[in-house]
Amino acid sequence: MTPTEPNFSHRVYELVAQIPPGRVMTYGQLAALAGHPRAARIVGGIAHFGPEDLPWHRVVNKQGGLAGAFPGGRSEQGRRLEAEGVEVSVDYKVKLEELIWYPDR
DNA sequence: CGAGTGACCGCAA
DNA sequence: ATTGCGGCCACTC
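Here the working numbering is used: the first residue of the first sequence is 35, the next is one more, and so on.
So, in structure tokens, the structure goes:
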């Protein structure tokens, strides 16, 4: 049967690839949607080794902060979000309530 | 094949 | 409010 590739990483890739521009998702959200609400770590892990074809820059943590970028240091990732219309704070935080995207459509 | 790491999250005190 | 700890899967060496 080929039940849609029961691969967790593959599942996350699909979700990330479906994230529309100007929108962000949290690792926990992706992990939960992938079927593992406690596997947020894996999302970050595969993200580091994941294909660059996917907009990982749209993936942020629950705090709304960009991963791999800390306050005071400009990161191309944060810049990319601004280029998509996402307002990023000086601490590299975005309004999850406003930009969080849920795969319901 | 085995062990370690990883861009995290949630809860408890 | 903050801090500390455990847990989960995948990938790499």
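We treat Cβ as the ideally placed atom computed from N, Cα and C, and that holds for glycine. These numbers come from a predicted model, not from an experiment.
*asked:* Once the 5 residues before and after residue 70 are set aside, which same chain residues still bring their CB inside 8 angstroms of it?
replied: Within the first sequence, residue 70 is the residue found at index 36, counting from 1. Only 42, 76 meet the Cβ criterion.
*Roughly how many angstroms separate the alpha carbons of residue 54 and residue 81, rounded to a whole number?*
In the first sequence, the residue the question calls residue 54 occupies position 20. In the first sequence, the residue the question calls residue 81 occupies position 47. Taking the straight line from one Cα to the other gives about 18 angstroms.
*asked:* One question on the structure: do residue 84 and residue 127 come within less than 8 angstroms of each other, judged by their Cβ atoms?
replied: Along the first sequence, one-based indexing puts residue 84 at 50. Along the first sequence, one-based indexing puts residue 127 at 93. It is not a contact, given that the beta carbons lie outside the stated cut-off.
*In angstroms, rounded to a whole number, what distance separates the CA positions of residue 78 and residue 45?*
Here residue 78 refers to the residue found at position 44 when the first sequence is read from its first residue. Here residue 45 refers to the residue found at position 11 when the first sequence is read from its first residue. So the two alpha carbons sit approximately 13 angstroms from each other.
*Tell me whether residue 89 is buried or exposed, calling it buried when 16 or more other Cβ atoms sit within 10 Å of its Cβ.*
Taking the first sequence and counting its residues from 1, one reaches residue 89 at position 55. Residue 89 comes out buried.
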